[in-house]
Every structure is written in structure tokens, then in C-alpha cells.
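J.:
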Amino acid sequence: MTQETAFYLLAIIAVLAAVTAVRLRNLIHGVFALVIFFAALAGLFLLLMAQFIAAVQVLVYIGAVGILLLFAIMLTERVTGDDGRRITSRGGFWGATAALGVAVFVLLPGIQQTDLNRLPAELAEANATAADANATMAPPHTVEALGKRLIEPYIITLEVVALLLTAALIGAVAVSQGARRVEDEEEASP
Amino acid sequence: MSWELIRDILITTVPLLVIFPSLFAFTTWIERKALARIQNRIGPNKTGVPCTRISLFGLGQPAADGIKMLFKEDIVPKGADRLFHLLAPIVALIPAMLVLCFLPLEFPWAKFVQAPVQAFLLDGAVIFFFAITGLNTLAVFMAGWASRNKYSLLGGMRAIAQMVSYEIPLVLSAVIVVMLVGSLNAADIAAAQKGYQWHLFTPWGLAAFVIFFIAALAETNRSPFDLPEAESELIAGYFTEYSGFKFALFFLGEYIAMFAISGLAVTLFLGAGEGPGVAAVPALSVAWFIAKIFALIGIMIWLRGTLPRLRVDQLMAFAWKFLLPLSILNILIAGFAWHVAKSGAGTGLKAVVWIASLITLYAVARGLNRISRPEAAPREYKYAE
Amino acid sequence: MTLEGLLILSAVLFCVGLLGAFTRRNAVVVLFSIEIMLNAANLNFIAFWRYGENPELLHGPLFALFAIAVAAAEIAVGLALVIAVYRHFKTVDLEKLNTLKEE
Amino acid sequence: MSLLGGGIVKGMAVTLRNFVGSYFNKERLVTNDYAWRPKEDAELPQSAGQYPKEEGEQLSDTTTVTNYSRNFPMLLHDGKEGDTPMDTVRCVACQICERECPPQCIYIEKMYDENGKYIKSPAKFDIDVSVCMSCQICVEVCPFDAIVMNSQFELSTPDRFGGLLLRRDDLLKSNDYYHQIHPGEAAARDQRMADEKAAKEAKKKAAAEAAKKKAAEKAKAEAEAKAKEAEAAQAEGAEEKSEPEGGDSKEATE
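As given, the protein sequences belong to chains A, B, C and D, one line each in that order. Numbers given in the numbering used here equal positions in the first sequence, counted from 1, plus 11. Numbers given in the numbering used here equal positions in the second sequence, counted from 1, plus 57. Numbers given in the numbering used here equal positions in the third sequence, counted from 1, plus 225. Numbers given in the numbering used here equal positions in the fourth sequence, counted from 1, plus 273.
Below, the structure is given as C-alpha cells:
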């Protein structure tokens, strides 16, 4: 029962925060709404016994992405982050229609077609009795197991991700630095 | 929601909520006294028991401060974002309180009722610790931005830059311990150091501890890294516009964060609650844990009384050019040493590894220090002659 | 909390992200929206892992982990691009970045 | 080759020495004991004592308020203590202090009689002590020794704006009071004023005598000149004319 309540609570928070984040005029408020959304998702991950992912969610999304977004806004917009006079969105009706269309015609049929009966019997049972089980049920995985899986079958993926991150880092630095250099030259030439 | 669950929650969290805030009050008194003595003053020594002449070395001062804070006018600047201005101190306090739950404080009364000895017995306690400590940055930004004051905003931006930079050496030095123990669980890390095999007593552990401690100073905005709240430059940085109870909350949050990060340092490097007499009286382990936390906080206060504040460029150069390479090298050395130890090498080889790693770390630290230091040209005085 | 509930939640979140990406003019907010969509996908990974077969193989969390890493890289590059665009055009309004459009 | 981090350790040793030393060596406690106390000043107490004692005992409380205390300015008058006699006030509302005050906390209005004639007295003299920074520049620039520093520090008030604005009548204090709080300084100031007055008088006298002498000489010279005039050329007449004029103007100023 507790689990059920927590799920609905977190789901409502997540959806509301996401809507707020994408519709708010004030960008800084938007970032904080986004942070609440990330936190709600971390809560959902914890609820789903994926605690390492929850930790990484908090660490990467709230700790790093949120801060990066704040920095980007401070560097590009005016410091106050909001401008009531400016039109900040366009095509609200068509956007909503398109999003709703995707939901109704692409995602929901997909969910309906998923064969949900393929759940392992014992797991389904555990879910049914999750209320009293949640205190005693051992987590289905440990961080150690995750680490071992990461190193043994997925080592190449891990390396590729590491390479990707390095490339992204260098790329980000190059992109934001290069622009400045061009600007300097432009300023210097006339 | 069974009764046992509620009991367990109460038994593991209420002590944390009682002990640390009351220690906070005591710590402010210690800090004021110690700083005063360092500066050849006496410090608070008048406030004692109310309505009497008993002063008790000024121990009533924290209570008096608290009452003063409660009754002060709560001022919100005219252009401020009222909601965020209100939320910021709360957001600053909650993560700090939350991470206390990850410390392996083994409260003795938990054993009598078979409750878990730790508030959160999570597998990834250490990574959760770092994840939740990172939320503090957001609170600082909220406070700085919501005040609509350029000094606050500057302080907030400085704080973010500083915290993001110093989080990397902080995490990398903790990684060493995680690597050596093979677990992210705080209780496992504490157990692995039983028998005075503290990580502090190894060269790589010592280096990691020093890096961790320096980065922790920066994370908690303690002097000499208190640039975000530099009074002489930014008035008070991100809490310039805070007064009364909100300011008190910020203050509390800052001290709780100090306790939490010192507690993590104690867990990772100083053998958690281990100490003489724990074997006979297990209850002593909590006392030892808190005593170690206080030792670290004492060093923080001592450093605050000693060192002047860094410049922003020095701060950044120190994090990126000194601490970061050193902590990466330290990981390599620790990994190498771990392999040597695991391969069943003799004492001689181990000693060689010890001495070699000590020398390498020291030499590299020296070299980095020389390279990373901003070049000091001979000063030219234009006006002061 | 059922698999179906989780999937519907993630679909709703994905559509919210889509809505933001379609309708907002600020490049940073478009990045927000993309993050929301990525997170919705992550939720799916975890949900399928939790309720699917062979949870001990940990495919779901691993995928989510890699997705988070890629998202972090994406956001870093994306924000660098936003800043570069801002430096060049002095705006991050996507409506105004129309130099390729026929006048 | 110094040890890495050796500087920090050295600094910490210094602070540790201060920390421990302050418990054993009472002379270190600069705020508690007057370590800077001049040896010859026997009246100065050994210890500054602690601030909040009994209410209203500040003046007699020599441990808190010493004659080294300078807090905010006050205006001096030469009358009796307690009353506010405007005829003995030293200030002439010259506004030098108003102009010199760095935080501009002084506001002065001159006093005029009903005919609109300036009488040398301030009609208004306000000091906003919430702004005053106790720099004593007003004391230094005052040519009339009218403004000096008071040692009163208990100025707290529940009113944020009006309560800390001291009016002329709040600021007026008698010279006796000044003698009471800063005996040495007041005596020195009185002595200096007396000396200056004496010197001025002596100068006046000397000038008067010199003028007399000069006048006598001039008379003599004029007589001689008149005697010579008959013989002298006409061109010298201008010189003769100018000399007595100069002498006259000098006398007039004196």
C-alpha cells in the first residue's frame, strides 16, 4: 500500500514538475522545476530497487546537468531569467496536438500491445504483495553485481562511453572556446 | 506501514536530529572561543544561566544567539523572488541533515530492539552521500539568485564554481577507499578498518585524506576557501540578504554539512567508531565517532584562525592543477599497492611499495605545487612608496 | 504500481518533453525537454528490468547507466553549442536563428 | 628546499602558540588588559572590565569608560552644567566641520536675529550618530575648540531614525563635563586656548606698540620729509603719500 501511494505521489510530482519546467516563462524557475522532476524520477528508481541508478540520477542530473543548465542560462539570458514581455513559445496548439497524437497513436498502442503476461510468476506475486514485502525483500541487485556486469560483459561499451565522454568534454570546450576566438578576430580585424 | 518500521525510523533518525543540532550550538561556541584565543581575545564569556550571575564560560551564548535570531526581523528585499528566497535555506539544510543518515553511527540502543544500526543501510551509501551533498550547490544558487543583489549573485556563482571544482578531488579521493575495500557501503568500509587498519596509516590513504580534507574545506565553504561568503569582498556572498531565522537556518545547514563531511572523512579514513575501549563497551563507538568529528572540526577552526583567504584564480588553479592530478595519481598508486598486497607479496616488497609510493606522491606533489602556482613576478608598487 | 502504470507514466513524461521541444523558442528549454524525454526512456528501461525476465542480468540498469552517461555528454555539448550560438547571434531564440531560410 | 606545506604548519604553530599562550600569559589579552597602557598613567585601570554592568553607571565606571574613550562628538559651552545657554556656546556655525565631515553626518544652520543679521551661533546643529564614524576630523578642524569627543556610548534607542539623530541641545555639554570625562585633554585644551589668547593679546600689544613707534617714526620722518620737501624734487611726492597710507591700513586691521 505504501509503495502504491509513493508511486502515485511521485508520478504526479514528476508530471507536474515536467509540465512546469517546459511551460514556465522564468527559465531559472524552470530549471528548478526540472530538478524536482529529476528528484521524483530518482525516487521512482529507488522504488523500483534500482538504487545505484537513483544515486547516479541525483549525482549526474541534479548535481551536474541542473548546474550546467543554470550556468548556460546565466551566460545567455539576462540574469533575472525572465522577461514577461517576450513571447517565449510558439505553436502551442499544434505542439500540444502533435504531442497528444504521438501519445495516442504511437506510445499507448505500444503499451497495450506489450505482452504484460510474460512476467515471471513469482515476481508478479511479489509485486502483488509488495506492501508487506518491501521491508524485508532483498534488493534484486547490489552495486557490486552491477560493477561486475559493467566490467565483464560490457567492458567495451564502458570504454566507448568513456571515450564518448572525453570526446564530448573536448568538443564542448572547443566549441565554446572557438566561438570566442572567432569573435576576437572579428573585433580585431576592423 | 508496520509499527516496527515506524519504531526503527524513529530510533535511527531521532538521535541524529537531536545530537547534531545540539552539537552545532556547542560548535559555534567552541569556534568563537578558539578564534578569540588565537587572536588573543577572550571570546564570549558573559552569557550563562539567565537571571543569575553564573556565566559558565559563556556557554549560554549559542542559546542567546538562537533567541536573537528567532526574534530578528525577517527582511526580504523588494525585488527578490520571495518563494526562492524562503526555500533556499531549507534546501540548504535538508541535504545536510539527510546525509547524516549515511554515517555508520552504531547507536547502542538500536541493538536492543533489533533495529538497523544505521538510518540508511544502503548499498551505495558513499555515492548517495556525494549525490545528496551536491544539492547544496543548488541551495546556494537559489539564495544568490533570489536575493536580487549583485553581491549575492556573485557569491552564488563563485560558490557553484568552487563546489563543482572541488567535488571532483573529493570524490576521487574517496574512490581510493571504495576501491581498497571493494564496497560503497559505509558500514562495510568501517568494518574493513577494524584492528587499527585505518586507511590514514597508508601513504595513499594519507594523501587521499589530505586531499579529501582540503576539498571538504572548500565544499563546506570554510576558510581559507570561504570565497563565496567573503565578507570583505562580497559583504557576505549569497546570504547577504538573509536575516533572522532564515540566516540561522543557513548557518545551521553549514555546520551540519561540516559534521556530515567530517563524519564521512572519519568513516573513510579514520576507522569510524574505532578506539580504545570500544571492544569492552560498544556504546563508546558513538562517542569515539563524534570525538573524531570534533577533532577534524577543531582543525578546521584552527586553519580558519591561521590562513588568509585565497584569491579566485588561486582557488581554481589549486583544484584543477594540483588536487586533481594528485588524486588521479593517487588512485593509480593505490591500485598498484592493492595488487601487490593481493598477490601475497612479502613484507619486504610491501615496504618497498610503501616507501616508493610515499616518495612518488611527495615528489609529484612538490612538482605540481611548483607548476600550478600562479607565477609571482616581482611586485611593482605604483602608488605605495 | 504496475508495469502498465509505469509505462503510461513514462509515455506521458515523454509527451510532455515532446511538447516542450515543439513549442518553446528558447534553446535551453528545448534542452530541458530533451532531458525529460531521455529520463522517460530511462524509466522504461528500469521498469522493464524490474518486471521483466532475468532481472539478475541487470540489463535495465546498465542501459540506464549508459543512457545517463550519454545524456550527460549530450547536455555538455548541447550547452556548449547554445553558448556558441549565443556568442555568434546574440540570441538563443530558435525562431531568430533562420539564416538558412529563404528571405 | 622547504617542506611541502611547511608554511601552513609554521603558521599553525604560531596560532597555536597564541592560543595556548593566551591562557597562561595575561599580558597577551589585549582587549582585556591595557597592554598598550602608558606606564606613567596611574589612573588608568588595569583591566577594561566587561561591558554590561549596571545601568547608568557608565560615567563613574572607570573600568569601562576611561579617559581614552572617544565615541561621538559633542558641542562645548562655557556655562554651567545642565542648562543650555546659547550665549556661552563656543560654536559660531562656521560650517567647517560640516564641510570636512567624511560621512557628512553634520548639519548646521546659522542663527539670525529678527533683522536678518548673522549672530555667531548655530540655530541648528545635528549629528546623525548612526552615520558618524568617530573619525574626530571635526574636532581637529574646529578653530574655536567648540566640538570635542564625548565618551558616552550608551546611545541605543528603539527608534531607528529619529532616535540616533542628536540635536543641538542634546549635543551641548559644559566645559566642566568635558573636564570630568577627559581631564588631561580638557586641561591641555584650556591651557592651549589660554596660551593662544595670551599670545594673541601679547601680539596685539606688541603690534600696538610697534604701530605707535612706527607712527612716531613716521611723524618724525614726515617732519624730516617736510623739511626736505622744499629741497627735494617733485617726483618723490608719490612715495611720501603711499607710506602713511600703508601705516594707516595696518593700524586699522589691528
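Glycine residues also receive a C-beta, built at the ideal position from the N, C-alpha and C atoms.
Distance, Cα to Cα, residue 359 of chain D vs residue 369 of chain B?
T.: Straight-line Cα distance between these residues: approximately 58 Å.
J.: Show which residues of chain D have a CB atom less than 7 Å away from the CB atom of residue 366 of chain B.
T.: Within 7 Å Cβ-Cβ: nothing; residue 366 of chain B doesn't reach chain D, min ~14 Å.
J.: Determine the direct distance from the alpha carbon of residue 414 of chain B to that of residue 131 of chain B, and round the result to whole angstroms.
T.: Whole-angstrom Cα-Cα distance: 55 Å.
J.: Verify whether the separation of the beta carbon atoms of residue 85 of chain B and residue 107 of chain B is less than 8 Å.
T.: Not a contact, by the Cβ cut-off of 8 Å.
J.: Between the region 156-187 of chain A and chain C, which residues of the former have CB atoms less than 7 Å from a CB of the latter, in chain order?
T.: Within the region 156-187 of chain A, the qualifying residues are 156, 157, 160, 161, 165, 168, 172, 175, 176, 179, 180, 182, 183, 186, 187.
J.: For residue 446 of chain D, which three-state DSSP category applies?
T.: Strand at residue 446 of chain D.
J.: Using a C-beta to C-beta distance shorter than 9 Å, which residues of chain A count as neighbours of residue 266 of chain C?
T.: Chain A residues near residue 266 of chain C: none, gap ~11 Å exceeds 9 Å.
J.: Should residue 39 of chain A and residue 84 of chain A be called a contact, given that it needs their Cβ atoms to be closer than 8 Å?
T.: Yes. Within cutoff.
J.: Look at the alpha carbon of residue 315 of chain B and the alpha carbon of residue 411 of chain B, and state the distance between them as a whole number of angstroms.
T.: Their backbone Cα atoms lie some 32 Å apart in a straight line.
J.: What is the DSSP secondary structure of residue 322 of chain C, reduced to helix, strand or coil?
T.: The answer is coil: DSSP assigns residue 322 of chain C none of H, G, I, E or B.
J.: Beta-carbon within less than 7 Å of residue 145 of chain B's beta-carbon, same chain only, minus the 5 sequence neighbours each way: which residues are those?
T.: These residues qualify, in order along the chain: 196, 199, 200, 203.
J.: So residue 285 of chain D packs on residue 359 of chain B, CB below 8 Å; how close in whole Å?
T.: At roughly 6 Å, the Cβ-Cβ gap stays under 8 Å, so residue 285 of chain D and residue 359 of chain B are in contact.
J.: Kindly say whether residue 374 of chain B, judged by its beta-carbon, lies nearer than 8 Å to any beta-carbon of chain A.
T.: Not an interface residue.
J.: Could you name the residues of chain B that residue 285 of chain D contacts, counting a contact when the two beta carbons are closer than 8 Å?
T.: Ordered by position in chain B, the residues that pass the 8 Å Cβ test against residue 285 of chain D are 359, 360, 363.
J.: With a threshold of 8 Å on Cβ separation, who are the neighbours of residue 263 of chain B within its own chain once the five nearest residues in sequence on each side are excluded?
T.: Same-chain partners within the cutoff: 257.
J.: Please confirm whether residue 231 of chain B and residue 183 of chain B have their CB atoms less than 8 Å apart.
T.: Cβ distance < 8 Å, so residue 231 of chain B and residue 183 of chain B count as in contact.
J.: Kindly list the residues whose CB is nearer than 6 Å to the CB of residue 342 of chain B, restricted to its own chain and excluding five residues on each side of it in sequence; keep chain order.
T.: Correct list, in chain order: 163, 330, 335.
J.: Roughly how many angstroms lie between the CA atoms of residue 7 of chain A and residue 230 of chain C, to the nearest whole one?
T.: Nothing can be reported for residue 7 of chain A: it is not among the residues displayed for chain A, which extend from 12 to 201.
J.: Could you run through the region 57-84 of chain A and flag, in chain order, every residue whose CB is less than 7 Å away from some CB of chain B?
T.: Residues passing the 7 Å Cβ filter: 62, 63, 66, 69, 70, 73, 74, 77, 78, 81.
J.: Assign residue 154 of chain A to one of two classes, buried (16 or more other C-beta atoms within 10 Å of its C-beta) or exposed (fewer than that).
T.: Residue 154 of chain A is buried by the Cβ-count criterion.
J.: Taking C-beta pairs closer than 8 Å, name the residues in chain B that residue 430 of chain D reaches, listed in chain order.
T.: Ordered by position in chain B, no residue passes the 8 Å Cβ test against residue 430 of chain D, which lies about 16 Å from the chain.
J.: Is there contact between the region 209-223 of chain B and the region 294-303 of chain B, where contact requires at least three CB pairs shorter than 8 Å?
T.: Touching, yes.
J.: Are the CB atoms of residue 281 of chain B and residue 364 of chain B nearer to each other than 8 Å?
T.: In this structure, residue 364 of chain B lies closer than 8 Å to residue 281 of chain B by Cβ.
J.: Using three-state DSSP, classify residue 251 of chain C as helix, strand or coil.
T.: Three-state result, residue 251 of chain C: strand.
J.: Against chain B, with Cβ distances strictly below 8 Å, would residue 295 of chain D count as a contact?
T.: So, interface residue.
J.: Quick one: list the residues of chain A neighbouring residue 248 of chain C, beta-carbon separation under 7 Å, in chain order.
T.: Simply 100, 101, 102, 103, 106.
J.: Please list the segments of the alpha helix (DSSP H) lying wholly inside the region 74-133 of chain B, counting only runs of 4 or more residues, in order along the chain.
T.: Complete alpha helix (DSSP H) runs here, min 4: 118-128.
J.: Flag residue 41 of chain A as yes if its beta-carbon sits less than 8 Å from any beta-carbon of chain C, otherwise no.
T.: Taking Cβ atoms only, chain C reaches closer than 8 Å to residue 41 of chain A, which makes this a yes.
J.: Just to make sure I have the definition right: I need the residues of chain A whose C-beta is within less than 8 Å of the C-beta of residue 194 of chain B. Which are they?
T.: Those are 74, 78, listed as they occur along chain A.
J.: Does the distance from the CB of residue 274 of chain B to the CB of residue 319 of chain B come in under 8 Å?
T.: No, Cβ-Cβ distance for residue 274 of chain B and residue 319 of chain B is not below 8 Å.
J.: Could you pull the DSSP bridge partners for residue 439 of chain D from this structure?
T.: D:400, per the DSSP bridge assignment.
J.: Would you list, in chain order, the members of the region 72-93 of chain B that have their beta-carbon closer than 9 Å to a beta-carbon of chain D?
T.: Listed by position along the chain: 91, 93.
J.: Taking C-alpha atoms, which residue in D:411, D:367, D:394 lies nearest to residue 377 of chain D?
T.: Looking at the Cα atoms, D:411 is the closest of the given residues.
J.: Grouping DSSP H, G and I as helix and E and B as strand, with all else coil, what is residue 375 of chain B?
T.: In this structure, residue 375 of chain B counts as helix in the three-state DSSP scheme.
J.: Cα separation between residue 279 of chain B and residue 139 of chain B?
T.: Approximately 28 Å, taken between the alpha carbons.
J.: Using a Cβ-Cβ cut-off of 8 Å, state whether residue 368 of chain C counts as contacting chain A.
T.: No statement about residue 368 of chain C is possible, as the shown extent of chain C runs from 226 to 328 and does not include it.
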